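**Student:** Right, I'll just put the structure down here and ask away after.
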Amino acid sequence: MSVDLSVDYCGIKLENPFILAPSPSTDHLELLIQAFEAGWAGAVLKTVAVDSSIVSRVFPLVRRIEQESAFIGLQNIDLVSEHSVEVIEQNVRTLKKRFPNKVVIPSIMASTKEDWQSLAKRFVDAGADIIECSIWCPHGAEWGLCTMVQEPVGTEQIARWVKEAAGDVPVVIKLSAQDSDIIATAIAVERSGADGVCAINTIKSITGVNLTTLIPYPNVAGLSTYGGLSGPALKPIALRCTAEIAQKVDLDIAASGGITTWQDGAEFLLLGANTLQICTAVLRFGIGIIGELKSGLGGWMEEKGMHSLTDVIGRSLPYLVEHSQLPRGIQFISNIRAEVCKGCGNCYTACQSGGHQAISLVEGLPQVIMSKCIGCGICRAMCSSGAISLVRPTKDLNII
Ligand SMILES: Cc1cc2nc3c(=O)[nH]c(=O)nc-3n(C[C@H](O)[C@H](O)[C@H](O)COP(=O)(O)O)c2cc1C
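Under the working numbering, the first residue of the sequence shown carries the number 175, and numbering increases by one thereafter.
Below you can see the structure in the form of C-alpha cells.
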C-alpha cells in the first residue's frame with residue numbers, strides 16, 4: 175500500500191503537512207532553499223513589519239528550559255525579521271520561481287489598517303501562496319509594530335482588512351493561547367471570511383531566576399524581561415487549542431507548539447490540524463528532521479491502513495466529550511507487575527500523599543491493598559518503570 179501525505183490547506187495542495195514555522199530558520203534565503211530541497215512542503219517566513227528597522231534586537235535571543243535535566247522548551251525574546259520588506263519580497267519571488275510547488279507564506283504584523291493592507295498587497299504581488307497575520311507577540315507590544323490583539327473584535331477587524339487586501343490569496347490568523355477565549359476569537363476569524371488559523375503562538379513566560387545573581391532569566395547585561403515559551407512544554411496546550419478549534423470552528427488549522435516528532439504530528443492531525451508548523455525542533459535538530467517526520471508518519475499510516483491524510487485528520491475528535499459526558503460507575507484498580515517494578519517507591523509515596531493509602535511496601539516492593547484502591551491513577555502517573563496499569567477488577571485478581 176502506498177500512502178499519500180499530500181494535504182489541502184486553505185484551498186492549496188501541499189505535498190506533505192510539514193511547514194517551517196516563522197523563526198530565525200525562515201529568515202534567510204539559503205536556509206529556506208535547503209529546507210525545500212530537504213522536503214519541507216512550505217515555510218512561514220519570519221514576521222515582517224512595514225518598518226522593522228525601528229526595533230532593535232537584544233541578545234541572547236533564546237534560553238533553554240529544562241526539567242529534571244531534560245529539555246522541555248525554549249524561551250525567546252526575538253522580535254521581527256532582520257530584513258526589510260523589500261528583501262522578504264525578493265525572497266518570496268526567488269522561492270516561488272525556484273520551487274513553484276512549495277508553499278511560501280509571508281507573516282505580517284502591523285498596527286494600522288493601511289499597513290496591514292499594504293503589506294498584504296505587496297506580498298500577494300510578490301507571489302505569496304498564503305498570508306499569515308501575526309497579531310500578537312509576547313514581548314513586542316511596546317514597539318508599536320503590531321496591534322497586539324487577543325480578543326474577537328480586534329482580530330475580526332484585522333482579518334477583514336487583510337482578507338480585503340489579499341483578494342483570492344488565502345489569509346491565516348495566528349492565535350495566542352493567552353487569548354481569554356481562543357474559541358470566540360477563532361469564530362470571529364471564521365466570520366471575517368479568512369481561511370484559517372494557526373494555533374498557537376508562544377506563551378509569555380519567565381523561565382526562572384538565577385539564585386546567585388538574583389537576576390531572572392534571560393540575563394541581558396544585568397536586566398531581564400518576559401519572553402515567549404515554545405517547544406515540548408507547549409504541546410498539551412497547543413493540542414487542546416487545536417482540538418477545541420477543530421470541534422467548534424469550520425476553518426483550516428495550522429498546528430504550532432511542541433511538535434518534535436512524527437508521533438507529535440500524528441496526534442495534532444488526529445485532533446483536527448491540517449498542517450503542522452515546526453520551529454523549536456528545527457532549531458534543536460536541524461532541517462534534516464523532515465526525512466524522519468515524513469517516513470515516520472507515512473509508516474504509521476500504512477500500518478493503520480490509512481491511505482491519505484483525510485483518513486487521519488480529526489479522527490480522534492469524536493472521542494473528546496465534555497467531562498459530564500464521560501462514562502460513570504466503572505471501577506478500576508491498580509495492578510503492579512512485579513517483574514517490571516524497579517522498587518523506586520514512587521507509587522507508595524504518591525498513594526500515601528495523594529491517594530487512598532492503598533499501597534503497602536512488602537520487603538521494599540509495592541503491593542496494592544485492593545479493598546482501599548479507588549483507581550485514581552496517581553501511582554501510575556508517578557511510576558518510573560511503567561509497571562502499573564489500571565485494570566477492571568476480575569476473579570483473577572481475587573476481588574470479585
Ligand atoms: C526564536 C523564535 C523566533 C520566533 N519568531 C516568530 C515570528 O517572527 N513570528 C511568529 O509568528 N512566531 C514566531 N515564533 C513562534 C514560532 O513560530 C512557533 O509558533 C512557536 O515557537 C511554537 O512552535 P514550536 O514549539 O514548534 O517552537 C518564534 C519562535 C522562536 C523560538
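Where a beta carbon is used, it is the ideal one built from N, C-alpha and C, also for glycine. Nothing here was measured: the structure is a model prediction, and the numbers come from that model.
Comparing alpha-carbon positions, which option in ILE251, ASN190 and GLY213 lies nearest ARG231?
**Tutor:** Here the question's residue 231 lines up with position 57 in the sequence shown. It is ILE251 whose Cα lies nearest to the Cα of ARG231.
**Student:** Between which two residues does the beta strand (DSSP E) carrying SER482 extend?
**Tutor:** What you label residue 482 is simply residue 308 of the sequence shown in a count that begins at 1. No beta strand (DSSP E) contains SER482, which DSSP labels as neither H nor E.
**Student:** CB ALA362 to CB ILE305, shorter than 8 Å?
**Tutor:** Translated into the one-based positions of the sequence shown, residue 362 becomes position 188. Translated into the one-based positions of the sequence shown, residue 305 becomes position 131. Against a cut-off of 8 Å, the Cβ pair of ILE305 and ALA362 comes out as no contact.
**Student:** For LEU397 and GLN249, I'd like the C-alpha separation in whole angstroms.
**Tutor:** Taking the sequence shown and counting its residues from 1, one reaches residue 397 at position 223. Taking the sequence shown and counting its residues from 1, one reaches residue 249 at position 75. The straight-line gap from Cα to Cα measures roughly 16 Å.
**Student:** Less than 8 Å separating the beta-carbons of LEU408 and GLY439?
**Tutor:** Here residue 408 is taken as the residue at index 234 of the sequence shown, counted from 1. Here residue 439 is taken as the residue at index 265 of the sequence shown, counted from 1. Taking 8 Å as the Cβ cut-off, LEU408 and GLY439 do not qualify as a contacting pair.
**Student:** Buried or exposed for LEU535, going by 16 or more other Cβ atoms inside 10 Å?
**Tutor:** The residue labelled residue 535 in the question sits at position 361 within the sequence shown. Exposed is the call here.
**Student:** Just to confirm, does GLY439 get its C-beta within under 7 Å of one of the non-hydrogen atoms of ligand 1?
**Tutor:** In the sequence shown, the residue the question calls residue 439 occupies position 265. Outside the cutoff, so no.
**Student:** Which term fits SER226, buried or exposed, when burial requires 16 or more other beta carbons within 10 angstroms of its beta carbon?
**Tutor:** Here residue 226 corresponds to residue number 52 of the sequence shown, with the count starting at 1. By the 10 Å Cβ count, SER226 comes out buried.
**Student:** Which runs of the alpha helix (DSSP H), 4 residues or longer, sit entirely within the stretch 509–555?
**Tutor:** Whole alpha helix (DSSP H) segments, 4+ residues: 520–528.
**Student:** Skipping 5 residues on each side, what residues in its chain have a beta carbon closer than 7 Å to that of THR200?
**Tutor:** In the sequence shown, residue 200 corresponds to position 26, counting from 1. Counting only Cβ-Cβ distances below 7 Å, and skipping sequence neighbours, we find LEU194, LEU206, ALA217, VAL218, LEU219 and LYS220.
**Student:** THR484 to GLU476, Cα distance in whole Å?
**Tutor:** In the sequence shown, residue 484 corresponds to position 310, counting from 1. In the sequence shown, residue 476 corresponds to position 302, counting from 1. Taking the straight line from one Cα to the other gives about 13 Å.
**Student:** Please state the DSSP three-state secondary structure of GLU242.
**Tutor:** Within the sequence shown, the letter at position 68 stands for residue 242. Reduced to three states, the DSSP call for GLU242 is coil.
**Student:** Could you check whether the Cβ of ALA455 sits closer than 7 Å to any heavy atom belonging to ligand 1?
**Tutor:** To locate residue 455, count along the sequence shown from 1; it is residue 281. Result yes, Cβ under 7 Å from ligand 1.
**Student:** According to the neighbour-count rule (16 or more other Cβ atoms, all chains shown, within 10 Å of its Cβ), is GLU288 buried or exposed?
**Tutor:** Residue mapping note: residue 288 aligns to position 114 of the sequence shown, counting from 1. Label assigned to GLU288: exposed.
**Student:** Please list the terminal residues of the continuous alpha helix (DSSP H) segment that includes THR454.
**Tutor:** Residue numbering aside, residue 454 sits at position 280 when the sequence shown is read from its first letter. Counting along the chain, the alpha helix (DSSP H) containing THR454 begins and ends at 454–459.
**Student:** Tell me the rounded alpha-carbon separation between PRO406 and LYS270.
**Tutor:** On the sequence shown, position 232 is the one that residue 406 refers to. On the sequence shown, position 96 is the one that residue 270 refers to. Each residue's alpha carbon lies about 32 Å from the other.
**Student:** By Cβ distance, which residues of its chain are closer than 6 Å to SER482, with the 5 residues on each side in sequence left out?
**Tutor:** For the purposes of this step, residue 482 is taken as residue 308 along the sequence shown, with counting starting at 1. Taken in chain order, the residues that qualify are ASP178.
**Student:** Between THR399, VAL371 and SER498, which lies nearest to LYS348 when the distance is taken from Cα to Cα?
**Tutor:** Sequence index remark: in the sequence shown, residue 348 carries index 174 (1-based). Ranking THR399, VAL371 and SER498 by Cα distance to LYS348 puts VAL371 first.
**Student:** Which word fits ASP355, buried or exposed, when buried means at least 16 other C-beta atoms lie within 10 angstroms of its C-beta?
**Tutor:** Looking up residue 355 in the sequence shown gives position 181. With fewer than 16 other Cβ atoms within 10 Å, it is exposed.
**Student:** Look at the Cβ atom of ALA373, then the Cβ atom of CYS307, and state whether they are nearer than 8 Å.
**Tutor:** On the sequence shown, position 199 is the one that residue 373 refers to. On the sequence shown, position 133 is the one that residue 307 refers to. For ALA373 and CYS307, no; Cβs fall outside 8 Å.
**Student:** Run the CB neighbour count on ASP342, radius 10 Å, all protein chains shown included, and call it buried at 16 or more, exposed below.
**Tutor:** Residue numbering aside, residue 342 sits at position 168 when the sequence shown is read from its first letter. So ASP342 counts as exposed.
**Student:** Contact between the stretch 538–551 and the stretch 505–525 is defined here as three or more beta-carbon pairs at a separation below 8 Å; is this criterion met?
**Tutor:** Yes: the two stretches touch, three or more of their Cβ pairs being nearer than 8 Å.
**Student:** Throw me the rounded Cβ distance for the PRO280 and VAL261 pair, which I believe falls under 8 Å.
**Tutor:** By one-based count along the sequence shown, residue 280 stands at place 106. By one-based count along the sequence shown, residue 261 stands at place 87. Contact flag wrong, Cβ pair sits at about 12 Å.
**Student:** Ignoring anything shorter than 3 residues, give me the beta strand (DSSP E) runs that lie fully in the stretch 185–212, in order along the chain.
**Tutor:** 186–188 and 192–194, all fully within the stretch 185–212.
**Student:** Which residue marks the beginning of the beta strand (DSSP E) containing ILE357, and which one marks its end?
**Tutor:** In the sequence shown, the residue the question calls residue 357 occupies position 183. Note, ILE357: premise wrong, no beta strand (DSSP E); alpha helix (DSSP H) at 356–366.
**Student:** Any chance the CB of GLY551 is under 7 Å from a heavy atom of ligand 1?
**Tutor:** Position 377 of the sequence shown, counting from 1, holds the residue named residue 551. Not under cutoff, so the answer is no.
**Student:** Going by DSSP in three states, GLN249 sits in which element: helix, strand or coil?
**Tutor:** Against the sequence shown, residue 249 aligns to sequence position 75. In the structure shown, GLN249 sits in a strand (DSSP, three-state: E or B).
**Student:** How many Å lie between ILE411 and ILE463 at the Cα?
**Tutor:** Taking the first residue of the sequence shown as 1, we reach residue 411 at position 237. Taking the first residue of the sequence shown as 1, we reach residue 463 at position 289. Near 23 Å, if we compare the C-alpha coordinates of ILE463 and ILE411.
**Student:** Tell me which residues share the same chain as GLN208 and place their Cβ nearer than 8 Å to its Cβ, disregarding the 5 neighbours each side in the sequence.
**Tutor:** Taking the first residue of the sequence shown as 1, we reach residue 208 at position 34. Result list for GLN208: ILE461, in chain order.
**Student:** Give the single residue among HIS530, THR523, ILE548 and CYS550 whose Cα lies nearest to the Cα of GLY577.
**Tutor:** Because the chain here runs from 175 to 574, residue 577 falls outside it and cannot be looked at.
**Student:** I'd like to confirm something about LEU443: is its beta-carbon nearer than 7 Å to some heavy atom of ligand 1, or not?
**Tutor:** The sequence position of residue 443 within the sequence shown is 269, counting from 1. No; taking the cut-off as 7 Å, the Cβ of LEU443 has no heavy atom of ligand 1 nearer than that.
**Student:** Report yes if the C-beta of VAL254 is less than 7 Å from at least one heavy atom of ligand 1; otherwise report no.
**Tutor:** If you number the sequence shown from 1, residue 254 lands on position 80. VAL254: yes, Cβ under 7 Å from ligand 1.
**Student:** Grab me the residues of GLY185's own chain with a C-beta within less than 8 Å of its C-beta, minus the 5 sequence neighbours each way, in chain order.
**Tutor:** Here residue 185 refers to the residue found at position 11 when the sequence shown is read from its first residue. Hits under 8 Å: PRO344 and ASP369.
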